[in-house]
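Participant:
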DNA sequence: AGTTTTTTTGGCAGCGCTACCATTTTATGG
DNA sequence: CCATAAAATGGTAGCGCTGCCAAAAAAACT
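Chains as they are written, first to last, in UniProt numbering: chain A, 1 to 332; chain B, 1 to 332.
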């Protein structure tokens, strides 16, 4: 058995104890419809005495729509998604919604399976990262009677709602910034671009912008794994071994950039005169580094907040670009 | 309305379409009980054709126990809890359990409210951080017909299951290590001890061990907020301003320690000869710093994994201490 | 006091599924 | 070939709640 069983108090028992009908108890508890003060007191007393806890499973089944919101996110280790969840949490909670989640590890096939499993809970909404989903995932989501929010990206066609910012624009802005600062030997250190498609979009847009300005990417080191501080450090080491004359490196995110920064510190490479570093995300720690990290700050928490608000408000289908902010730190 | 409504396909419709009884469909879908291959094919074809997605809300209500596991955790920003969730995720998923979560922000009153709200979903288990809960929380959990796992601590009396490690022992080990290395002017930089009771336990145990060895804490800077790299940096700055002659600082965790490390880099304080730094958690980035961070590595992912396994296996009540590992890095 | 209106209340049919039991079909054995 | 066991299947009563409707009680008017 899934769990030990000892009959829980039911609404019918409360009604019996309070000497009222079931629907009356239901009305009092949900503060819905009308009832007298005297009845309310009797009901509440019974609830208190019996230690009644409403069964939301039954409630959801009986009423039409659920108040579950399903998050199907690529990773929990990546602070980005934790921030989004944090942003959404408060709004959902205030409105009595319950968050449910599952982690895809950036795998579209897993995403598909998890979405299917989530839909079995008949959620009010499914929150996903980005636009890249399998055909079956899209089909399921369309067929399902629930809202869909694609978060953290706006470069593509939304299924229903989308909240985020343009990763392509971010890649371009990063490139333009480095070019403006006069860097001409620019490298890239990144992580799994095929799976983290948003990082992939930044990468390609970054490269295109460089090329368009006659400054092709001078070298790159791309890992197939997830991003980490360690990969950033090792990646820069490898990249510099192959291409020693770089004057700037664009990292796929701040974690990777921090790794690169550590590498420079360890090797005595002077930043930014000898090598410039540019990240992505705008994590708090970037501001605290001895030299503030040059990066792009993304509205992660705001994305979560807005995504939740759109669901709570039953907003019509739309795409909302929250933009981003380029932080001119001291590392580039 | 919570969501747009368009009647979803039901099991009855599948049964009708396949020309079999409802219970047969149910058996095939759950691979439970016996049915012929021919029937299975007919059912599966109908399922496919109609795009049927079983309704788990109804399924859970009809069967006895739910397969929901409720995580009520202090924070999502703190990588510790993300790691725990990550560890638990795989095991739960393999066993068809669904994770639900809510964030307390280290507030016992919020924890109480969230546990109440979670219990309404009749979860198979409630997973909490630590032992410090309000009386009502404890009462509710005892009354509820579900398993309870208290994670990341073993210093106290468990309600049911507990998986983690001793924060007191960790505090003591840290103190002993610093003493052994010959540090005698030791300070502390930490965050909200009253709310993060596990950090509080490490702190008090650390101080007691120092005192017991005739080396009382030489100074401290404690913030009331959550930990962050920034607080670590500012905290060390303030602490050194008041107590310049420290030779070592114990930080409430690695994030704080990283902030301290950045401060030293910025001020040209040589580590560890001029000032030693010691953290807690054993985050990956500690290994990648130019000087590996001296810290204590905690089995966060393993805690999550084991917690999930105990639930899945319906293990009897018990407390499991997974221990920790002291990492002799280069910063202390 | 007799109506009409408004407020409060209870009864009960589902929501979509699973568990249990009864029944039918198929396989096994003497 | 029939008795007996085994496998496959269908019917249906809930699970605990909500939504609807009708009935009862209270309040507001003539």
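Quick reminder that beta carbons are idealized off the backbone N, C-alpha and C, glycines included. Owing to the predicted nature of the structure, the values given are computational and were not obtained by experimental measurement.
From A:127, A:174 and A:117, pick the residue whose C-alpha is nearest to that of residue 74 of chain A; which is it?
Facilitator: Here residue 74 of chain A is taken as the residue at index 74 of the first chain, counted from 1. If we check each option's Cα against that of residue 74 of chain A, A:127 comes out closest.
Participant: Residue 305 of chain A versus chain B: which residues are under 8 Å apart at the beta carbon?
Facilitator: Start at 1 with the first residue of the first chain, and residue 305 of chain A comes out as number 305. Going along chain B, no residue has its Cβ under 8 Å from residue 305 of chain A, so there is no contact; the nearest lies around 14 Å.
Participant: Mind the definition here: the stretch 127 to 146 of chain B touches the stretch 213 to 233 of chain B only if three or more C-beta pairs lie below 8 Å; say whether that holds.
Facilitator: No, because fewer than three Cβ pairs between the stretch 127 to 146 of chain B and the stretch 213 to 233 of chain B fall closer than 8 Å, the two stretches do not touch.
Participant: If you reduce the DSSP assignment to three classes, tell me which class residue 253 of chain A lands in.
Facilitator: By 1-based counting over the first chain, the position of residue 253 of chain A is 253. Note: residue 253 of chain A maps to coil in three-state DSSP.
Participant: Could you spell out the range, first to last residue, of the alpha helix (DSSP H) harbouring residue 339 of chain B?
Facilitator: No information on residue 339 of chain B is available, as it lies outside the stretch 1 to 332 that chain B covers here.
Participant: Compute the beta-carbon to beta-carbon distance between residue 307 of chain A and residue 88 of chain A, rounded to the nearest angstrom, for a pair I have assumed lies under 8 Å.
Facilitator: As a first step, residue 307 of chain A is located in the first chain; it is residue number 307 there, counting from the start. As a first step, residue 88 of chain A is located in the first chain; it is residue number 88 there, counting from the start. Indeed they touch by this definition, with Cβ atoms about 6 Å apart.
Participant: Going by beta carbon distance, what residues of the same chain come within less than 6 Å of residue 83 of chain A, once the five residues before and after it are set aside?
Facilitator: Counted from its first residue, the first chain places residue 83 of chain A at position 83. Closer than 6 Å at the Cβ level, and outside the excluded window around residue 83 of chain A, lie 300 and 301.
Participant: Residues in its own chain within less than 8 Å of residue 42 of chain A by CB, not counting five upstream and five downstream?
Facilitator: Within the first chain, numbered from 1, the residue matching residue 42 of chain A stands at position 42. Here the set comprises 18, 19 and 20.
Participant: Looking at the structure shown, is residue 195 of chain B part of a helix, part of a strand, or coil, going by DSSP?
Facilitator: Counting from one through the second chain, the residue named residue 195 of chain B turns up at place 195. In the structure shown, residue 195 of chain B sits in coil (DSSP, three-state: anything other than H, G, I, E or B).
Participant: Is it buried or exposed for residue 294 of chain A, if we count other Cβ within 10 angstroms and need 16 for buried?
Facilitator: Mapped onto the first chain, residue 294 of chain A falls at position 294. By the 10 Å Cβ count, residue 294 of chain A comes out buried.
Participant: Using a cut-off of 9 Å between C-beta atoms, extract the partners of residue 161 of chain B located in chain A.
Facilitator: Counting from one through the second chain, the residue named residue 161 of chain B turns up at place 161. Those do not exist, as residue 161 of chain B stays about 13 Å from chain A at its closest Cβ, beyond 9 Å.
Participant: With 8 Å as the threshold, decide whether the Cβ of residue 5 of chain B is near any Cβ in chain A.
Facilitator: Within the second chain, the letter at position 5 stands for residue 5 of chain B. Annotation note: pLDDT 41 at residue 5 of chain B (below 50); position unreliable, coordinate value reported separately. Taking Cβ atoms only, chain A reaches closer than 8 Å to residue 5 of chain B, which makes this a yes.
Participant: Short check: CB of residue 225 of chain B to CB of residue 255 of chain B, under 8 Å?
Facilitator: Translated into positions along the second chain, residue 225 of chain B becomes position 225. Translated into positions along the second chain, residue 255 of chain B becomes position 255. Cβ distance not < 8 Å, so residue 225 of chain B and residue 255 of chain B don't count as in contact.
Participant: Taking the alpha carbon of residue 234 of chain A as the reference point, which residue from A:319, A:29, A:262 and A:14 has its own alpha carbon closest?
Facilitator: Here residue 234 of chain A is taken as the residue at index 234 of the first chain, counted from 1. Here the closest residue by C-alpha is A:262.
Participant: I'd like to confirm the pairing. Which residues does DSSP put opposite residue 79 of chain A in its beta bridges?
Facilitator: Position 79 of the first chain holds residue 79 of chain A. Paired residue(s): none; residue 79 of chain A is not in a bridge.
Participant: Out of B:56, B:206, B:29 and B:66, state which residue places its alpha-carbon closest to the alpha-carbon of residue 48 of chain B.
Facilitator: Numbered from 1 along the second chain, position 48 holds the residue referred to as residue 48 of chain B. Checking every option, the nearest Cα to that of residue 48 of chain B belongs to B:29.
Participant: Could you check what DSSP says for residue 208 of chain B in three-state terms: helix, strand or coil?
Facilitator: As a position in the second chain, residue 208 of chain B is number 208, starting the count at 1. Three-state result, residue 208 of chain B: helix.
Participant: On the three-state DSSP scale, how would you describe residue 289 of chain A?
Facilitator: Working through the first chain from its first residue, we reach residue 289 of chain A at position 289. Of the three classes helix, strand and coil, the one that applies to residue 289 of chain A here is coil, per DSSP.
Participant: Do you know offhand how far residue 4 of chain B's Cα is from residue 109 of chain B's?
Facilitator: For this step, residue 4 of chain B is matched to residue 4 along the second chain. For this step, residue 109 of chain B is matched to residue 109 along the second chain. Note on residue 4 of chain B: pLDDT 39, under 50, position unreliable in the model; the coordinate value appears next. Going from the Cα of residue 4 of chain B to the Cα of residue 109 of chain B covers about 35 Å.
Participant: Name the residues in the stretch 141 to 159 of chain A whose C-beta lies less than 8 Å from a C-beta of chain B; which are they?
Facilitator: So the close ones are 143, 144, 145, 146 and 147.
Participant: Between which two residues does the beta strand (DSSP E) harbouring residue 150 of chain B extend?
Facilitator: Taking the first residue of the second chain as position 1, residue 150 of chain B is located at position 150. That run of the beta strand (DSSP E) goes 147 to 151.
Participant: When the Cα atoms are used, what is the spatial distance from residue 34 of chain B to residue 314 of chain B?
Facilitator: Residue numbering aside, residue 34 of chain B sits at position 34 when the second chain is read from its first letter. Residue numbering aside, residue 314 of chain B sits at position 314 when the second chain is read from its first letter. Approximately 26 Å between the Cα atoms of the pair.
Participant: If you check the beta carbons only, do residue 104 of chain B and residue 72 of chain B fall under 8 Å apart?
Facilitator: Counted from its first residue, the second chain places residue 104 of chain B at position 104. Counted from its first residue, the second chain places residue 72 of chain B at position 72. A contact, by the Cβ cut-off of 8 Å.
Participant: Output the boundary residues of the alpha helix (DSSP H) element that contains residue 177 of chain A.
Facilitator: The count along the first chain starts at 1 and reaches residue 177 of chain A at position 177. Element bounds for residue 177 of chain A: 167 to 180.
Participant: Against chain A, does residue 87 of chain B count as a neighbour if the rule is that its beta carbon must be under 8 Å from one of theirs?
Facilitator: As a working note, residue 87 of chain B is residue 87 in the second chain. So, not an interface residue.
Participant: Is residue 246 of chain A helix, strand or coil by DSSP?
Facilitator: Locating residue 246 of chain A in the first chain gives position 246, counting from the first residue. If DSSP states are grouped into helix, strand and coil, residue 246 of chain A belongs with coil.
Participant: Once DSSP output is grouped into helix, strand and coil, what is the label at residue 324 of chain A?
Facilitator: Within the first chain, the letter at position 324 stands for residue 324 of chain A. Three-state DSSP puts residue 324 of chain A in coil, outside helix and strand.
Participant: For chain A, find out if any of its Cβ atoms is closer than 8 Å to the Cβ of residue 60 of chain B; answer yes or no.
Facilitator: Looking up residue 60 of chain B in the second chain gives position 60. Judged by the 8 Å Cβ criterion, residue 60 of chain B is in contact with chain A.
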